[in-house]
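Structure, as structure tokens:
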Amino acid sequence: MRALTVIPNQTGSLEVSDLPEPQPKANELLVEGIAMGVCGTDKEIVRGEYGWAPPGSERLVIGHESLGRVRSAPSGSQFKAGDLVVGVVRRPDPVPCGACAHGQFDMCRNGRYRERGIKELNGYGSQLWCVETDYAVRLDPSLAEVGVLLEPTTVVTKAWEQVRKVGERAWFEPRSVLVTGAGPIGLLAALLGVQQGLDVHVLDRVTDGPKPDLVSDLGATYHHDDVSTVVGKLQPNIVIEATGAGPVVFGVLENTGSYAITCLTGVSPTGRTLSIDAGSINRDIVLENDAIIGSVNANLQHYRDGAKSLAAADADWLNSLITRRVPIEHAADAFQSAPDDVKVIITLDRA
Ligand code: BGC
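Using the working numbering, count along the sequence shown one by one with no gaps and you end on 352.
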């Protein structure tokens, strides 16, 4: 079977490897891979900047955004052959820390969690993969073309949950949200905002390509002006930041109004500096009771809730987020950015 592998921290090591078919353990599903999604983390891994192989292995099978069809399931489990499934990315740390012990492995406190396709566990970028039944999530059969969007949807499901929890520390009836960045995370965050009945605005720098239409097709408003101008004018109750770009992040923080909640989801490169008026930003955050939250990864509840949001979304809209489908044999192409890319996926089906 073919699998997409790298030697972590080695640039140019991506290859389509021939690996033996995996054998499921008693508590595992055997799954035929349909597709894996490519995100910024995968690109970092392929560039040799991130990622850890399983102990004792040189290579790591990549792929944490998964979709597959169950070939076999343990008898007595909640799954059966033919089910459409996604595998959860993170596993709790072995200690476990208090958060992991409570099923909140997305909130791991000691950093010793493991992640399929990223950190010490092989991923889902292979034509067959196994997953523990406790870490598999069934999808509505109608999502066979787009279910690979579940993992990024779980990331924004968690972000929204965090925003709500923080908002509810006092009176909270939000009306508007600004999402910065119209990549897959930003667009899926916007989808969830629309599903909650909010007035949704999305800011990105491009003026052409598919993004403006993807935003307006949701019933949301697209902006491409300077971040300070847009935030200053809209005064959104909530900002979901999905660019990870320093000037955008601080452009937001400098301009939000009272009780604004900003959720940061973008993983930025390090080593870039920016000149800011730290005193003025701090002063505003304090005097306005603003809140800034970082949010990463997702737990099982976010997968279940995310699966419901995807099933409720317009299938054509979800399909149009996937702008390129690259067969595994040509996987390297998927890591080269093209101008109109939104979500690029690698198809894993056996020819
Ligand atoms: C994934 C998360 C993961 C994070 C850090 C992201 O791309 O979506 O699930 O926790 O990378 O490894």
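C-beta atoms are modelled at their ideal positions from N, C-alpha and C, and glycine is treated no differently. Because the structure is a prediction, the values reported are computed rather than measured.
8 Å contact criterion, which residue i and residue j should meet: CB distance rounded
i    : j    : result
N28  : E133 : 5 Å
S67  : V87  : 5 Å
G210 : A243 : So it is not a contact: roughly 17 Å between Cβ atoms.
M37  : Q128 : Not quite, the Cβ-Cβ distance comes to about 11 Å (not below 8 Å), so this is no contact.
L349 : I329 : 5 Å
V167 : I241 : 12 Å between Cβ atoms; not a contact.
A1   : L192 : Outside the modelled stretch of the chain, which goes from 2 to 352, sits residue 1, for which no answer is possible.
L150 : L254 : L150 to L254, Cβ: 29 Å. No contact.
V147 : A316 : 7 Å
L265 : I293 : 7 Å
I46  : I63  : 6 Å
T12  : R60  : Actually they are not in contact, since the Cβ atoms of T12 and R60 sit about 14 Å apart, beyond 8 Å.
G10  : G49  : Going by the sequence as given, residue 10 is Asn instead of Gly. Between G49 and N10 the Cβ distance is about 5 Å, and since that is below 8 Å, they are a contact.
Local Cβ density within 10 Å of residue i, reported as buried at 16 or more and exposed below that
i    : result
H331 : exposed
D227 : exposed
L31  : buried
V287 : exposed
G77  : exposed
R92  : buried
L1   : Nothing can be reported for residue 1: it is not among the residues displayed for the chain, which extend from 2 to 352.
W130 : buried
V205 : Looking at the sequence shown, residue 205 is not Val but Asp. Flag for D205 reads buried.
P340 : exposed
D278 : exposed
V207 : exposed
D361 : What the structure shows of the chain is the stretch from 2 to 352, and residue 361 is not part of that stretch, so it cannot be assessed.
E22  : exposed
K26  : exposed
G124 : buried
D107 : buried
A74  : buried
E289 : exposed
W161 : buried
One or two residues paired with residue i in a DSSP bridge
i    : result
K166 : None, per the DSSP bridge assignment.
R117 : L122
L68  : A36
S259 : In DSSP, S259 forms no bridge with anything.
L140 : Answer is none; L140 lacks a bridge partner.
C264 : I241 and I294
G88  : A137
A373 : Nothing can be reported for residue 373: it is not among the residues displayed for the chain, which extend from 2 to 352.
I347 : M37 and V327
S73  : L31
W53  : K120
T181 : L204 and E242
V132 : L30
L288 : Answer by DSSP bridge pairing: none, since L288 is not bridged.
V147 : Paired residues: none, contrary to the question.
V195 : DSSP output for V195 lists no bridge partner at all.
L61  : V7
Heavy atom of ligand 1 within 7 Å of residue i beta-carbon
i    : result
I119 : yes
C1   : Look at the range of the chain in this structure, 2 to 352, and you will see that residue 1 is not part of it.
H303 : no
E16  : no
R115 : no
N298 : yes
R91  : yes
E162 : no
H65  : yes
E59  : no
V156 : yes
E152 : yes
Cβ of residue i within 8 Å of any chain D Cβ
i   : result
D19 : In the displayed structure, chain D is absent; only one protein chain is listed.
Could you pull out every unbroken beta strand (DSSP E) segment of at least 3 residues lying fully inside the segment 23–49, listed in chain order? Counting only runs of 3 or more, we get 29–39.
Could you pull out every unbroken beta strand (DSSP E) segment of at least 3 residues lying fully inside the segment 200–253, listed in chain order? 200–204, 222–224 and 239–242, all fully within the segment 200–253.
Start-end ranges of the alpha helix (DSSP H) lying completely within the segment 310–345, minimum 4 residues: Taken in chain order, the unbroken stretches of alpha helix (DSSP H) that lie wholly in the segment 310–345 and span 4 residues or more are 316–322 and 332–335.
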